[in-house]
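Below is one structure, written out as structure tokens, with a few remarks after it.
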Amino acid sequence: MMIRIVTLLSIVLYSGSLFAQQRSVVLSDSLDHWVLSNGEAVTTGWKVEDDNTLLCEGGGSGVLLSKKQYRDFSLTWEWKLTEKGNSGIKYRVRKYDGALLGCEYQMLDDENYGVDIFAINATASLYAIWPPAGNKHLNPGGEWNQSQIILRGNRVRHYLNGELMVDGRIGSRDWKQGVAKSKFKDREAFGENRDGLIMLTEHGNPTWFRNIVITELGPLSAARLLREKIAN
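According to the numbering used here, the sequence shown is numbered sequentially starting from 36.
Here it is, written out as structure tokens:
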């Protein structure tokens, strides 16, 4: 019994040292961070403007995929849509029967789009799974908003303009119930892969992404991992 306790303590201390390891990268300063869905270089439809602003021109620009996969991270960015605009950032993206899918932070001009601000497809929702909740303030199309995704272990949080909108655990009973009611119900273990790509979506309208910064977070401690497992 004592050996098991000492071993667990060693794991916790080792994990704690890794926890502090963080590295941030600006993803909006160059198209070199991204590829098209077919893996080819980005040459049209997207361009880098001043001040770390990445413009999706719309009208068939196509989605962008990060060149590398991410596990635990904090992703922050500013964004602006046109009136009635629609976009989003997906994470844990992988192929499901040939289709590139993942969890999505929805970006939408809610009011002009005609969507209830707390709908399951409204801005800051985890699209089709969890609606936003809380003190929501969304600037309309033509104005900038600021968002953040924090993914650590299976806990995911969505923020909009500094306010927490979504806080849940991927793979939990609540998650599985949400997936079962969604269009992803036939995708086995949807969103439960720990590693995945980041995707910038395109829905026909111009979208501006500014100061996209991803910070890779160290792994959870053994104790935190155990709590995650119990919670799920």
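Virtual Cβ for every residue (Gly too), placed ideally from N, Cα, C.
Bear in mind the structure is a predicted one, so any value in this text is a computation, not a measurement.
Asked, Found
"Taking only runs that begin and end inside the region 198-232, name each unbroken beta strand (DSSP E) of 3 or more residues, in chain order.", "198-204"
"Please determine whether the Cβ atom of N156 lies at a distance below 7 Å from any heavy atom of the ligand FMN.", "What this structure holds is no ligand at all, so the ligand FMN is not there to describe."
"Note the first and the last residue of the continuous beta strand (DSSP E) segment covering E139.", "A134 to L143"
"Buried or exposed: which applies to K103, given that a residue is buried once 16 or more other Cβ atoms fall within 10 Å of its Cβ?", "exposed"
"Quick check: what's the CA-CA separation for W179 versus N246?", "12 Å"
"Using CA coordinates, which residue listed in G206, R208, E251 and G239 is at the minimum distance from G287?", "As shown, the chain starts at 36 and ends at 267. That puts residue 287 outside it, with no answer to give."
"According to DSSP, is Y148 helix, strand or coil?", "helix"
"Are the CB atoms of L136 and A157 nearer to each other than 8 Å?", "no"
"Just the C-alpha distance for G51 and W112, rounded to the nearest angstrom, thanks.", "With a pLDDT of only 44 at G51, under the threshold of 50, the placement of this residue in the model should not be trusted; the figure read from the coordinates follows. For G51 and W112, the distance between alpha carbons rounds to 28 Å."
"Residues bridged to Q183 by DSSP?", "T111 and Y194"
"Within 10 angstroms of the Cβ of S59, are there 16 or more other Cβ atoms? Answer buried if so, exposed if not.", "exposed"
"So with Cβ pairs under 8 Å, would you call G93 a contact of chain C?", "Checking the listed chains, one finds no chain C in this structure; it contains a single protein chain."
"Can you list, in chain order, the residues of its chain whose CB lies under 6 Å from that of G93, leaving out five sequence neighbours each side?", "G239, N240 and P241"
"Whole angstroms are fine: how far does the CA of A76 sit from the CA of M200?", "34 Å"
"Expressed to the nearest angstrom, what Euclidean distance is found between the alpha-carbon atoms of K130 and L110?", "22 Å"
"Going by beta-carbon coordinates alone, are E198 and N170 separated by less than 8 Å?", "yes"
"Taking only three categories from DSSP, how would you classify V173?", "According to the sequence as given, residue 173 is Leu; it is not Val. In the structure shown, L173 sits in coil (DSSP, three-state: anything other than H, G, I, E or B)."
"Could you check what DSSP says for L161 in three-state terms: helix, strand or coil?", "strand"
"Please check the pair L252 and D107, which I expect to be a contact at CB under 8 Å, by giving their CB distance rounded to whole angstroms.", "4 Å"
"Quick one: grab the DSSP three-state call for L99.", "strand"
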